[in-house]
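Structure first, then comments.
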Amino acid sequence: MSGERHRDDAGGPGGGLPVRPWPASSDAGQPAGGGRVGDDHGGGAPGDDGMPDPEGPPAFYFDFRDPDSYLAAERVMRALPVATPWVPIDAGRLPGPHAWEGFRCEADEQAARERIARVAAERGLQPLRWPVEVPFDSTLALRAAWYAKGLGRVVSFSLPAFRQAYAGGHDLATEAFVLISASAAEMHPRAVGQALRREPVIASLEQATARAIERGVRTTPAIWTGDRVFHGDGGIDEAARHLARSRT
Numbered sequence: 026m027s028g029e030r031h032r033d034d035a036g037g038p039g040g041g042l043p044v045r046p047w048p049a050s051s052d053a054g055q056p057a058g059g060g061r062v063g064d065d066h067g068g069g070a071p072g073d074d075g076m077p078d079p080e081g082p083p084a085f086y087f088d089f090r091d092p093d094s095y096l097a098a099e100r101v102m103r104a105l106p107v108a109t110p111w112v113p114i115d116a117g118r119l120p121g122p123h124a125w126e127g128f129r130c131e132a133d134e135q136a137a138r139e140r141i142a143r144v145a146a147e148r149g150l151q152p153l154r155w156p157v158e159v160p161f162d163s164t165l166a167l168r169a170a171w172y173a174k175g176l177g178r179v180v181s182f183s184l185p186a187f188r189q190a191y192a193g194g195h196d197l198a199t200e201a202f203v204l205i206s207a208s209a210a211e212m213h214p215r216a217v218g219q220a221l222r223r224e225p226v227i228a229s230l231e232q233a234t235a236r237a238i239e240r241g242v243r244t245t246p247a248i249w250t251g252d253r254v255f256h257g258d259g260g261i262d263e264a265a266r267h268l269a270r271s272r273t
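Sequential numbering of the sequence shown, starting at 26, is according to my numbering.
Listed below in structure tokens is the structure:
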């Protein structure tokens, strides 16, 4: 997105972090600023400078480690009445409760998995294939998503990554599967591999997670509307009604 400006996050406490295309090395095959306008937010109303705010409000907070985030990601752009930036955050740092950690018994975990599979089937999604471990370590995938966000490709990366995990059964703690998802977003694997260890990308994830906590996000998925936070896949419907009312 050469020559385009991104707004600082001004929608909540804690100030803002500019989101700009990450510079890529010339030998990586990925030009800096090569993103596509609109992918980062799903299209819709622009901000004051012609670009949507990269962290809202509203904002869709998600983490790949959370199966409910997968369900939400597959429908959030259709469900909400306004353009909503996607913001990857580290759900492990959130206050919780963390539904996918510490099940009381195996039966509770099985019931949770059956619920996800049932909802996915009802919505016409691909059959569930579970990674070996849930929740898995999503750190690499989250960093890659922030690199993609700087290129305007966070949606194009994140949906294939979710599908790698929950339709392909692949653990996104494995870098190879993260890079496959990046290829689906037309991001060069070498550039992404380098970005996973770069301090600006790491800091973007950490700071976005801290801002989410300040805004009242306890778990993922979540929709922050500027005045309220709606948690869970079902929270998308509540957020949609709230946003629709606020527009009238």
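Glycine residues also receive a C-beta, built at the ideal position from the N, C-alpha and C atoms. Note that the structure is predicted; figures quoted are calculated from it, not measured.
Distance, residue j Cα to residue i Cα
| i | j | result |
| --- | --- | --- |
| E147 | A137 | 16 Å |
| G37 | G251 | With a pLDDT of 30 at G37, under the threshold of 50, the predicted position of this residue should be treated as unreliable, though the coordinate-derived value follows. Rounded to whole angstroms, G37 to G251 spans 7 Å at the Cα level. |
| F187 | R178 | 14 Å |
| L176 | V217 | 11 Å |
| S229 | R223 | 10 Å |
| A269 | V144 | 25 Å |
| I261 | T164 | 25 Å |
| D198 | A104 | It should be noted that the sequence gives Ala, not Asp, for residue 198. Each residue's alpha carbon lies about 30 Å from the other. |
| R236 | V101 | 21 Å |
| S271 | C130 | 42 Å |
| A116 | S208 | 25 Å |
| Q94 | S181 | Here residue 94 turns out to be Ser, not Gln, going by the sequence shown. Taking the straight line from one Cα to the other gives about 16 Å. |
| W249 | P82 | 6 Å |
| T273 | A264 | 15 Å |
| V172 | R266 | The identity of residue 172 in the sequence shown is Tyr, whereas the question assumes Val. Going from the Cα of Y172 to the Cα of R266 covers about 32 Å. |
Buried versus exposed, by CB contacts within 10 Å (16 or more), residue i
| i | result |
| --- | --- |
| R240 | buried |
| D91 | buried |
| A201 | exposed |
| G121 | exposed |
| T234 | buried |
For residue i, the three-state DSSP class (helix, strand or coil)
| i | result |
| --- | --- |
| R266 | helix |
| P122 | coil |
| W249 | strand |
| F182 | helix |
| A84 | strand |
| V107 | coil |
| V217 | helix |
| V254 | strand |
| V112 | strand |
| A173 | helix |
| F202 | helix |
| G68 | Bear in mind that a pLDDT of 40 at G68, under 50, signals an unreliable position, so the number given afterwards is only what the model happens to contain. G68 falls in the coil class under three-state DSSP. |
| V144 | helix |
| T164 | helix |
Closest Cα partner of residue i within the set the options
| i | options | result |
| --- | --- | --- |
| L96 | A265, E231, R266 and G257 | G257 |
| R154 | L165, L167, T164 and E139 | E139 |
| P152 | G127, G193, P122 and G121 | G193 |
| V226 | M102, R168 and S206 | R168 |
| R118 | D162, E263 and P82 | D162 |
| F87 | A170, D196 and A264 | A170 |
Cβ-Cβ separation, residue j to residue i (assumed contact under 8 Å), whole Å
| i | j | result |
| --- | --- | --- |
| A190 | P214 | Their Cβ separation, rounded to whole angstroms, is 18 Å, which puts A190 and P214 out of contact at 8 Å. |
| S245 | I114 | It is Thr, not Ser, that sits at residue 245 in the sequence shown. Sure, about 7 Å apart at Cβ, within 8 Å. |
| F85 | V112 | 7 Å |
| A98 | S206 | With a Cβ gap of about 13 Å, A98 and S206 do not count as contacting. |
| P106 | E80 | Going by Cβ atoms, the distance from P106 to E80 rounds to 19 Å, so no, they are not a contact pair. |
Min CB distance residue i to chain C below 7 Å
| i | result |
| --- | --- |
| F161 | Considering every chain present, this structure includes no chain C. It has just one protein chain. |
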